[in-house]
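Chains as they are written, first to last, in our numbering: chain H, 154 to 344; chain D, 154 to 344. See structure below.
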DNA sequence: TGTTTTTAGTAAGGTGGCTAACTATTTCTC
DNA sequence: GAGAAATAGTTAGCCACCTTACTAAAAACA
């Protein structure tokens, strides 16, 4: 499902106009920011359309990607709902909902855990595995196509710049949580 | 509302491993792609958290941004639900839902159109206008902060690279629609 | 042993989509 | 001018993907 975004980015001159009204608005910063939002949205739409061709959604795809059997041992594979929730940064309740639909469609199988009876162990079924093997070649070709206008060097530059932004975004999140925690201290602490 | 994304991107060596299984997978392409998805998601989360502080959501914010009074005449302002829907590339039904909640909260006012009795004219109320004027300074400062690790030159580079990707994504969408249209022609046409 | 924490899942609610159908109005065609 | 077609906004129903609060059971801790 898509977030609302503008079909067209505002013209630069509109940003400059708006900056007269809102002095904190830096037109070139805003422009770059909006390019990021837009590009992210548009590639997501392309991927989602491909998923829809196969009657699957982004969320379910990600679950199956996490569960897919991997050759070699370099990359761990989660197996409990809590592990999936942690990797995807969502609540267990969300995972339950996703797994419910995947189980309903025969793509995953849940079994009680062996060590801990509270736990469930989650696996792709052979059907789920086959489904992913059928989907992924074209998925990766689509990714290649989307990035096809960028040289290897440009892709590396892009990754570097985006990492700078992500780092900043994460820092905003951390600073925000500290701010929130401080606000929640009883007033008497400040004596 | 966020889409499911991985908390951590897979390590490059995991991509290389996976490429052995899926030959279409190009590790460096995939890596850049995932950086885009992640960065987009993370900045969205930061913005959404700020919106939540003011009891508003991304979709409602965008509606109000489109409706906000603008000094000068360089930038048109939409005024009907259909115009909003067109600018945001969603259905009129979706706009109805968003406007319902904004009207409920006193931020927008709907009036019958003057020229065409099918239409509604939509405006920010003074309360809505004041709300946005209260929110936007910090919003723009947040944007500046998020992009703060990038120089002016880097921002221009980023915008250029992202535009290349957006262009490709849009082309994928166009190609897809042509493909779909061709598939829908009656079989007899091919004689 | 008793208390606290953890696990998966349920219930309830929200956001932001969609489609199809509807009603009223406007535009188009003959 | 009459009727058909298109348009505008809304309604109803559905979906995906969240959240929090809660439950029962199990595990960990003191």
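Where a beta carbon is used, it is the ideal one built from N, C-alpha and C, also for glycine.
Report all residues from its chain with a CB closer than 6 Å to the CB of residue 183 of chain D; omit the five preceding and five following residues, and keep chain order. 168
Alpha carbon to alpha carbon, what distance is there between residue 217 of chain D and residue 296 of chain D? 18 Å
Through-space distance from residue 166 of chain H to residue 277 of chain D, alpha-carbon basis: 23 Å
Counting only Cβ pairs nearer than 8 Å, list the residues of chain D close to residue 241 of chain H. 157, 158, 159, 160
Within the region 181 to 254 of chain D, ranges of the alpha helix (DSSP H) (whole runs, at least 4 residues): 211 to 220, 234 to 241
Relative to the C-alpha of residue 328 of chain D, which candidate in H:310, H:258, H:203 has its C-alpha closest? H:203
Distance between residue 273 of chain D and residue 238 of chain D (C-alpha atoms, nearest Å): 13 Å
Residue 264 of chain D bridges to which residues according to DSSP? D:274
So which of D:193, D:177, D:223 has the shortest CA-CA distance to residue 321 of chain H? D:193
Using a Cβ-Cβ cut-off of less than 7 Å, give me the residues of the region 260 to 290 of chain H that come near chain D, in sequence order. 289, 290
Suppose you measure from the CA of residue 268 of chain H to the CA of residue 235 of chain H; what does that come to, to the nearest Å? 15 Å
Going along the region 241 to 256 of chain H in order, which residues come within less than 7 Å of chain D, judged by CB to CB distance? 241, 242, 243
Span of the alpha helix (DSSP H) holding residue 298 of chain H? 279 to 299
Anticipated Cβ contact below 8 Å, residue 304 of chain H with residue 195 of chain D, distance rounded: Incorrect: roughly 25 Å between the Cβ atoms, too far for contact.
Beta-carbon contacts of residue 293 of chain D that lie in its chain and below 7 Å, excluding the five residues immediately before and after: none
On the premise that residue 215 of chain D lies in contact with residue 175 of chain H, defined as a C-beta separation below 8 Å, what is that separation, rounded to the nearest angstrom? That pair is no contact at about 16 Å.
Less than 8 Å between the C-beta atoms of residue 308 of chain D and residue 241 of chain H, yes or no? no
Using the C-alpha atoms, what's the distance from residue 298 of chain D back to residue 207 of chain D? 19 Å
Please return the same chain residues whose Cβ sits closer than 8 Å to the Cβ of residue 191 of chain H, not counting the five positions on each side in sequence. 158, 159, 162
Could you give the distance in angstroms between the alpha-carbon of residue 260 of chain D and the alpha-carbon of residue 280 of chain D? 6 Å
Mind checking residue 170 of chain D: buried by the 16 CB within 10 Å criterion, or exposed? buried
Excluding the five sequence neighbours on either side, which residues of its own chain have a C-beta within less than 8 Å of the C-beta of residue 233 of chain H, listed in chain order? 266, 272, 273, 274, 275
Using a Cβ-Cβ cut-off of 8 Å, state whether residue 207 of chain D counts as contacting chain H. no
The region 173 to 193 of chain D: positions lying closer than 7 Å to chain H by Cβ: 173, 174, 175, 177, 178, 179, 181, 182, 183, 184, 185, 186, 188, 189, 190, 191, 192, 193
Go ahead and label residue 306 of chain H buried or exposed: buried means 16 or more other beta carbons lie within 10 angstroms of its beta carbon, across all protein chains shown. exposed
Could you check where the alpha helix (DSSP H) with residue 168 of chain H kicks off and where it finishes? 165 to 174
Considering only the alpha carbon of each residue, which of D:209, D:270, D:300 lies closest to residue 252 of chain D? D:209
Output yes if chain D places a C-beta closer than 8 Å to the C-beta of residue 316 of chain H; else output no. yes
Using a Cβ-Cβ cut-off of 8 Å (strictly less than) and excluding sequence neighbours within five positions of residue 256 of chain H, which residues of its own chain qualify? 262, 263
Residue of D:221, D:310, D:250, D:229 minimising C-alpha distance to residue 285 of chain D: D:221
Assuming contact is defined by CB atoms lying nearer than 8 Å, are residue 137 of chain H and residue 326 of chain D in contact in what I supplied? Any question about residue 137 of chain H goes unanswered here, given that chain H covers just 154 to 344.
Of all the CB atoms in chain D, is at least one closer than 8 Å to the CB of residue 163 of chain H? yes
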